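Chemist:
2 protein chains.
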Amino acid sequence: MIYKFSCITIGNEILSGFRVDTDFYHLVKELGKIGYSCVLHLTVPDLKEMIEKALDICLRETDVVFTIGGLGPTSDDLTRESISEFLGTELEFKKDIFEELKKKEPMLSEEKHKKYGLFPKGAKIYKNEVGLAHAFMVLKENKRIFSLPGPKNEFEHTLNKIINELEKFENYSVFYFDLPFKREIEIEERLKKKIKIENLFFLPYTGGVILGLKGKKSEVEEFKDLILREFGEEISSEGPEPIEKVIGDLMRNKKMTLSTAESCTGGLLSSRITDIPGSSDYFIGGVVAYSNEIKKKILGVKEEDLKNFGAVSEPVVKRMAEGIRELFKTDFGIGISGIAGPTGGTQQKPVGTVYLSLSFKEKTQIYREFFTGSRKDIKFKSSHFILNELRKMLLKL
Amino acid sequence: MIYKFSCITIGNEILSGFRVDTDFYHLVKELGKIGYSCVLHLTVPDLKEMIEKALDICLRETDVVFTIGGLGPTSDDLTRESISEFLGTELEFKKDIFEELKKKEPMLSEEKHKKYGLFPKGAKIYKNEVGLAHAFMVLKENKRIFSLPGPKNEFEHTLNKIINELEKFENYSVFYFDLPFKREIEIEERLKKKIKIENLFFLPYTGGVILGLKGKKSEVEEFKDLILREFGEEISSEGPEPIEKVIGDLMRNKKMTLSTAESCTGGLLSSRITDIPGSSDYFIGGVVAYSNEIKKKILGVKEEDLKNFGAVSEPVVKRMAEGIRELFKTDFGIGISGIAGPTGGTQQKPVGTVYLSLSFKEKTQIYREFFTGSRKDIKFKSSHFILNELRKMLLKL
Numbered sequence: 001m002i003y004k005f006s007c008i009t010i011g012n013e014i015l016s017g018f019r020v021d022t023d024f025y026h027l028v029k030e031l032g033k034i035g036y037s038c039v040l041h042l043t044v045p046d047l048k049e050m051i052e053k054a055l056d057i058c059l060r061e062t063d064v065v066f067t068i069g070g071l072g073p074t075s076d077d078l079t080r081e082s083i084s085e086f087l088g089t090e091l092e093f094k095k096d097i098f099e100e101l102k103k104k105e106p107m108l109s110e111e112k113h114k115k116y117g118l119f120p121k122g123a124k125i126y127k128n129e130v131g132l133a134h135a136f137m138v139l140k141e142n143k144r145i146f147s148l149p150g151p152k153n154e155f156e157h158t159l160n161k162i163i164n165e166l167e168k169f170e171n172y173s174v175f176y177f178d179l180p181f182k183r184e185i186e187i188e189e190r191l192k193k194k195i196k197i198e199n200l201f202f203l204p205y206t207g208g209v210i211l212g213l214k215g216k217k218s219e220v221e222e223f224k225d226l227i228l229r230e231f232g233e234e235i236s237s238e239g240p241e242p243i244e245k246v247i248g249d250l251m252r253n254k255k256m257t258l259s260t261a262e263s264c265t266g267g268l269l270s271s272r273i274t275d276i277p278g279s280s281d282y283f284i285g286g287v288v289a290y291s292n293e294i295k296k297k298i299l300g301v302k303e304e305d306l307k308n309f310g311a312v313s314e315p316v317v318k319r320m321a322e323g324i325r326e327l328f329k330t331d332f333g334i335g336i337s338g339i340a341g342p343t344g345g346t347q348q349k350p351v352g353t354v355y356l357s358l359s360f361k362e363k364t365q366i367y368r369e370f371f372t373g374s375r376k377d378i379k380f381k382s383s384h385f386i387l388n389e390l391r392k393m394l395l396k397l
Numbered sequence: 001m002i003y004k005f006s007c008i009t010i011g012n013e014i015l016s017g018f019r020v021d022t023d024f025y026h027l028v029k030e031l032g033k034i035g036y037s038c039v040l041h042l043t044v045p046d047l048k049e050m051i052e053k054a055l056d057i058c059l060r061e062t063d064v065v066f067t068i069g070g071l072g073p074t075s076d077d078l079t080r081e082s083i084s085e086f087l088g089t090e091l092e093f094k095k096d097i098f099e100e101l102k103k104k105e106p107m108l109s110e111e112k113h114k115k116y117g118l119f120p121k122g123a124k125i126y127k128n129e130v131g132l133a134h135a136f137m138v139l140k141e142n143k144r145i146f147s148l149p150g151p152k153n154e155f156e157h158t159l160n161k162i163i164n165e166l167e168k169f170e171n172y173s174v175f176y177f178d179l180p181f182k183r184e185i186e187i188e189e190r191l192k193k194k195i196k197i198e199n200l201f202f203l204p205y206t207g208g209v210i211l212g213l214k215g216k217k218s219e220v221e222e223f224k225d226l227i228l229r230e231f232g233e234e235i236s237s238e239g240p241e242p243i244e245k246v247i248g249d250l251m252r253n254k255k256m257t258l259s260t261a262e263s264c265t266g267g268l269l270s271s272r273i274t275d276i277p278g279s280s281d282y283f284i285g286g287v288v289a290y291s292n293e294i295k296k297k298i299l300g301v302k303e304e305d306l307k308n309f310g311a312v313s314e315p316v317v318k319r320m321a322e323g324i325r326e327l328f329k330t331d332f333g334i335g336i337s338g339i340a341g342p343t344g345g346t347q348q349k350p351v352g353t354v355y356l357s358l359s360f361k362e363k364t365q366i367y368r369e370f371f372t373g374s375r376k377d378i379k380f381k382s383s384h385f386i387l388n389e390l391r392k393m394l395l396k397l
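Those protein sequences? They're chains V and F, same order as listed. Those letters in the first sequence? Residues 1 to 397, by this note's numbering. Those letters in the second sequence? Residues 1 to 397, by this note's numbering.
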């Protein structure tokens, strides 16, 4: 029902902990959509011996193995050689392919860049139109090894081609629900009498949990409706689509505009909003009012409120939202002020205390929240919280 | 000279591609500092069979193995059981440890949370003071398996304890240089006659390359000076410390202040600056002038400049930097306007075209740059570029 695969990422830069292996994440997500599940992932250095061992381990577990990286032209790129040795075959220089690449990149020299034309004997080639290292597939006793280049766009480009011709497992389905600020234990409690728990899986992130639903297509369809009924508006997206995108679509449909006044989040909220292409349709702009002077001067926060209640307080954050909405002439105004830490906390307002406000027409909603984690976590959760409140408000319009 | 280790991350949420395995990155970095290098990393699902296989594979490669995750109380947490089975031993309930935990968390029930008191026979325990799942170490024929809880702070807390008692390999050393907007090939060219290439490694990221230097302590010291001389101010930090932090220290030392006017970066620049604790000492605030109206109204950009040259142009970005500096009364003002894409490009100004400016005293420096990649890449590179220019300017003061 579900098809298993494994994956080997090759490269010192991943093992050194400096680069996040985004190719792998992309692979798992894309293959998940057609019914494939990753059961083993190895990361190995650029060493022939380790690459061959990894291939051996993976082929014992699954009939399909993907390798990522190590297809470049330099001496530390060893994937071609390793796969070839592993198969007990030779590398073949495909002159026609090399000549074709040379047309694209006349600087290629057969001496320095020969590797781009080398493939294990019998390999099926998936051309890489956005780079120089083609992907390829070889067979080992009917088991398939797909080898793809590492650079993100080249990886995604060649993976697309491979996915197009892979068998699809239509009877299997996966579905996701984004549940901001929910906890696994609550979700499980609410669903356990209605749904088979083995169909659920939980993917926690800094601002909540993504609830995954997997299984036979018919089951997933049935349970999906149950979950939608149970959680309703608490689900920020089905997809998973980022909440910024959900809000963007709502804002555009309802012809609304938005501006932001941020203190502790320092621009993270507006940056997230503007990560979405076309956000200029509804996002007019924002002010990062980090100092009290700016809060007063630009947003009209009152000196006495700052003095009596502090910068992290209800009247200040209320005025921030209202001030930015008036100044930028938008339908919605958001204000955030909090203590992101690690210092600056007090007994009454410990690190993690954040006031947030959402101004719309005559009404300004205020929230006092307490978020845990690092400075970056608190920034993220603050932005996530108010995006989620904005989403719920937009749904009611 | 260098000590090898391997690591197994256990958990569906990592294999599903939804959570980045930050524990692993932390592990590699911290152990690197004391002379340990990771040669194999496996990620396996919460399945006993796979966990045991992974242990077997790792112990063939290295004498030290770390496992991350799967120590919680629910039925899908199987690390304890798997390690115990793998060793052919039993799980022991340590009542004293459980009672101790109960004092901390009176809600614990021996039925539901029994696992917190279970350890493979003979395990050495590393207490987790920030959570409930203690870490432990077991021996398999003199080879060591360390098992740590997955939640970030609990992982880091227990890892610290383990590191304190691990042998240190003092003769080995690693050093890093952050080189914004440099390419591996250029770095290699410039260093290859001076330094043994096998001591270098490259960790590329979206806005440049981190150059790593590894080897015997004496070699690293010698080469370090060579690299510092060769690249000088092109090195944004030795560390690696984020450029935001470097700038923060420079600003504070020189008693300077900063404000930002962002269009295409949408607040990412100010968010990065405010990721640094204490940034309110020098960062006064910013404006995200996403719409042309705001550029005119708040920053004083001229209507005719927008009409004649467009929002992504020299006069506009110049005025943005000067406008924010005047309005916020800071020493430095930054302006950014560009086309982050994926749409909005023209023949003259394709997607990726970004104008940036840095205003200081009577002088405003303008940069026209072209960045490649996704919308998020272009945003990041734009912020990174201007932070780097600001850094260089601060060094000259």
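Glycine residues also receive a C-beta, built at the ideal position from the N, C-alpha and C atoms. Quantities reported herein were computed from a predicted structural model and do not represent experimental measurements.
Only counting the same chain, and skipping five residues up and downstream in sequence, which positions put a Cβ closer than 7 Å to that of residue 94/V?
Modeler: Taken in chain order, the residues that qualify are 117, 119.
Chemist: For residue 180/F, which beta-bridge partners are listed by DSSP?
Modeler: For residue 180/F, which the question treats as bridged, DSSP gives the partners 208/F.
Chemist: Is it true that the CB of residue 352/V sits closer than 8 Å to the CB of residue 344/V?
Modeler: No.
Chemist: Measure how close the beta-carbons of residue 162/V and residue 126/V come, nearest whole angstrom, since I'm counting them as under 8 Å.
Modeler: Indeed they touch by this definition, with Cβ atoms about 6 Å apart.
Chemist: Hey, how far is the Cα of residue 192/V from the Cα of residue 227/V?
Modeler: Residue 192/V and residue 227/V: Cα-Cα distance of roughly 11 Å.
Chemist: Pull up the CB-CB distance for residue 211/V and residue 181/V, whole angstroms please, since I reckon it's below 8 Å.
Modeler: Between residue 181/V and residue 211/V the Cβ distance is about 13 Å, and since that is not below 8 Å, they are no contact.
Chemist: Let's see if you can read the secondary structure: which residues bound the beta strand (DSSP E) around residue 52/F?
Modeler: Premise fails: residue 52/F lies in the alpha helix (DSSP H), 48-61, not in any beta strand (DSSP E).
Chemist: Do the segment 219-236 of chain V and the segment 359-377 of chain V make contact, defined as three or more Cβ pairs closer than 8 Å?
Modeler: No: the two stretches stay apart, fewer than three of their Cβ pairs being nearer than 8 Å.
Chemist: With 9 Å as the C-beta to C-beta threshold (strictly closer), list the residues of the segment 30-55 of chain V near chain F in chain order.
Modeler: Those would be 32, 37, 38, 39, 40, 41, 42, 43, 44, 45, 47, 50, 53, 54, in chain order.
Chemist: Keeping to the same chain, check which residues put their C-beta closer than 7 Å to that of residue 30/V; ignore five residues upstream and five downstream.
Modeler: Same-chain partners within the cutoff: 159, 163.
Chemist: Using the three-state DSSP reduction, which class does residue 92/V fall into: helix, strand or coil?
Modeler: Strand at residue 92/V.
Chemist: When you compare the CB positions of residue 91/V and residue 51/V, do they come within less than 8 Å of one another, or not?
Modeler: For residue 91/V and residue 51/V, no; Cβs fall outside 8 Å.
Chemist: Would you mind listing the beta strand (DSSP E) stretches within the segment 230-290 of chain V that are 3+ residues and don't spill past its ends, in chain order?
Modeler: Correct list: 258-262, 283-288.
Chemist: For residue 267/F and chain V, any beta-carbon pair shorter than 8 Å?
Modeler: Output row for residue 267/F: interface = yes.
Chemist: Exposed or buried, which one is residue 322/V when buried takes at least 16 other CB atoms within 10 Å?
Modeler: Result: buried.
Chemist: On the DSSP bridge list, what partners appear for residue 313/V?
Modeler: Paired residue(s): none; residue 313/V is not in a bridge.
Chemist: In the segment 278-292 of chain V, which residues sit with their C-beta less than 7 Å from some C-beta in chain F, listed in chain order?
Modeler: The segment 278-292 of chain V vs chain F, Cβ under 7 Å: 280, 283, 284, 285, 286, 287, 288, 289, 290, 291.
Chemist: For the beta strand (DSSP E) that residue 193/V lies in, which residues bound it at each end?
Modeler: Counting along the chain, residue 193/V falls outside any beta strand (DSSP E), and DSSP gives it neither H nor E.
Chemist: Who are the neighbours of residue 376/V on chain F, taking C-beta pairs under 8 Å?
Modeler: In chain order: 275.
Chemist: Looking at residue 144/V: is its Cβ nearer than 8 Å to the Cβ of residue 64/V?
Modeler: Yes, the pair counts as a contact, with Cβ atoms nearer than the cut-off.
Chemist: Given a limit of 9 Å on CB to CB distance, which residues of the segment 328-349 of chain F reach chain V?
Modeler: Answer set for the segment 328-349 of chain F: 328, 329, 340, 341, 342, 343, 344.
Chemist: Give a yes or no on whether the C-beta atoms belonging to residue 357/F and residue 317/F are separated by under 8 Å.
Modeler: Cβ distance < 8 Å, so residue 357/F and residue 317/F count as in contact.
Chemist: Could you pull out every residue in the same chain whose Cβ sits closer than 7 Å to the Cβ of residue 195/F, ignoring the five residues on either side in sequence?
Modeler: Within the same chain, residue 195/F has close Cβ partners 223, 226.
Chemist: Just the C-alpha distance for residue 284/V and residue 200/F, rounded to the nearest angstrom, thanks.
Modeler: Looking at the two C-alpha atoms, the distance is approximately 47 Å.
Chemist: Which partner residues of residue 144/V appear in the DSSP bridge assignment?
Modeler: Answer is 64/V, 139/V, bridged to residue 144/V.
Chemist: In this structure, does DSSP put residue 174/V in helix, strand or coil?
Modeler: Note: residue 174/V maps to strand in three-state DSSP.
Chemist: Should residue 107/V be labelled buried (16 or more other beta-carbon atoms within 10 Å of its own) or exposed?
Modeler: Answer is exposed; the Cβ neighbour count stays below 16.
Chemist: Under 8 Å, Cβ to Cβ, is there at least one residue of chain F near residue 180/V?
Modeler: For residue 180/V, the answer is no, since every Cβ of chain F falls outside 8 Å of its Cβ.
Chemist: Any chance you could list the alpha helix (DSSP H) runs of at least 4 consecutive residues sitting entirely within the segment 312-343 of chain F, in chain order?
Modeler: Entirely contained in the segment 312-343 of chain F, the alpha helix (DSSP H) runs reaching 4 residues are, in chain order, 314-328.
Chemist: Short of 8 Å Cβ to Cβ, which residues in the segment 210-234 of chain V face chain F?
Modeler: Of all residues in the segment 210-234 of chain V, 210, 212 have a Cβ within less than 8 Å of some Cβ in chain F.
Chemist: So which of 147/F, 350/F, 338/F, 238/F has the shortest CA-CA distance to residue 367/F?
Modeler: Checked all of 147/F, 350/F, 338/F, 238/F; the closest Cα to residue 367/F is 338/F.
Chemist: Is residue 200/F helix, strand or coil by DSSP?
Modeler: The answer is strand: DSSP assigns residue 200/F an E or B state.
Chemist: Which residues mark the beginning and the end of the alpha helix (DSSP H) in which residue 301/V is found?
Modeler: From DSSP, residue 301/V is part of no alpha helix (DSSP H); its letter is neither H nor E.
Chemist: How many whole angstroms separate the CB atoms of residue 27/F and residue 66/F, which I take to be in contact at a CB cut-off of 8 Å?
Modeler: The pair is a contact, with the Cβ atoms about 6 Å apart (cut-off 8 Å).
Chemist: Is residue 350/F buried or exposed, if buried means 16 or more other CB atoms sit within 10 Å of its CB?
Modeler: Exposed.
Chemist: By the criterion of Cβ-Cβ separation under 7 Å, what are the contact partners of residue 316/V in chain F?
Modeler: Result: empty, since nearest Cβ-Cβ is about 14 Å, beyond 7 Å.
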